[in-house]
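This report refers to the structure that appears directly beneath it.
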Amino acid sequence: VRDILVDNTERFAAGYPANNVLLWGARGMGKSSLVKAVHAEINAKARSDLPLKLIEIHREDIDTLPKLMGLLKAAPFRFILFCDDLSFDHDDTSYKSLKAALEGGVEGRPANVIFYATSNRRHLLPRDMIDNERSTAINPSEAVEEKVSLSDRFGLWLGFHKCSQDEYLDMIDGYVRHHGLTIDPDTLRAEALEWATTRGSRSGRVAWQFTQDLAGRLGKPLKD
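Reading the sequence shown from the start, the letters are residues 181 to 404 in this note's numbering.
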């Protein structure tokens, strides 16, 4: 997943065609962190006078996207517009603004702008909202098409799934080694599993939060 996002971002930064990206899936698996890390990595290798810009927009500002893209179009830089935790609720029509903005051409996304978003939903809209439109519409397939096709405006869908117990423990082992924390392996495993149980989930975020707690209990600072 990381390599796909890096490749797409590198091509965009170099001025070549690239896709809008939807990073979807389980909470706490590092979707937004990956976007920011890839942006930093690309800029570390890019020309210092023309860095790739990352602009984070809030879900509530989606309606302003067309105006924002009009302003960015004339700028000498290339921009990633990033919306974290994107989704739409019932009776929300702002998805139409996003759909229009993601289109290419004169009225839509300019060549120096790309859109990255994270979401817990693959189709960005509640399933019951889609099902309700399908059941009440005169032409169900056409009624749902406009909403479902929003996700299709993202050329890349990168899925993030809940991690297994082994993957969760591997992440914690990596954090412990990186930050030089000393603890008995059996104790580490038992405490890490208990932490995940109390949180009711296993994810990269939960692994990092456990590491912060562990470092605090050990009286050890974490590296930047």
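Backbone N, C-alpha and C define an ideal beta-carbon position, used for all residues, glycine too.
| Check | Outcome |
| --- | --- |
| Leaving out the 5 sequence neighbours to the left and right, which residues in its chain are closer than 6 Å to residue 403 when beta-carbon positions are compared? | 359 |
| Name the one or two DSSP bridge partners that residue 339 has. | 204 |
| Are the Cβ atoms of residue 195 and residue 258 separated by less than 9 Å? | yes |
| Using the Cβ count rule (16 or more neighbours within 10 Å means buried), how would you classify residue 235? | exposed |
| Just to confirm my understanding: we take residue 398, look at its own chain, exclude 5 residues before and 5 after, and list those with CB closer than 8 Å. What are they? | 361, 362 and 363 |
| Quick one: complete alpha helix (DSSP H) runs, 4+ long, within the stretch 336 to 404? | 345 to 358, 365 to 379 and 384 to 398 |
| Provide the residue(s) that pair with residue 212 in DSSP beta bridges, ordered along the chain. | Per DSSP, none; premise fails for residue 212. |
| What is the C-beta distance between residue 376 and residue 386, in whole angstroms, given that I count them as a contact (C-beta under 8 Å)? | 6 Å |
| Quick check on this structure: which residue in 232, 188 and 343 has the alpha carbon closest to the alpha carbon of residue 335? | 188 |
| Over what stretch of residues does the alpha helix (DSSP H) that includes residue 296 continue unbroken? | Not the alpha helix (DSSP H): residue 296 falls in the beta strand (DSSP E), residues 293 to 299. |
| Please check the pair residue 202 and residue 297, which I expect to be a contact at CB under 8 Å, by giving their CB distance rounded to whole angstroms. | 6 Å |
| Using DSSP bridges, identify the partner residues of residue 233. | 259 |
| Indicate whether the contact test is met: 3 or more Cβ pairs, each with one atom in the stretch 202 to 221 and one in the stretch 239 to 253, closer than 8 Å. | no |
| Could you compute how far the alpha carbon of residue 227 sits from the alpha carbon of residue 213? | 23 Å |
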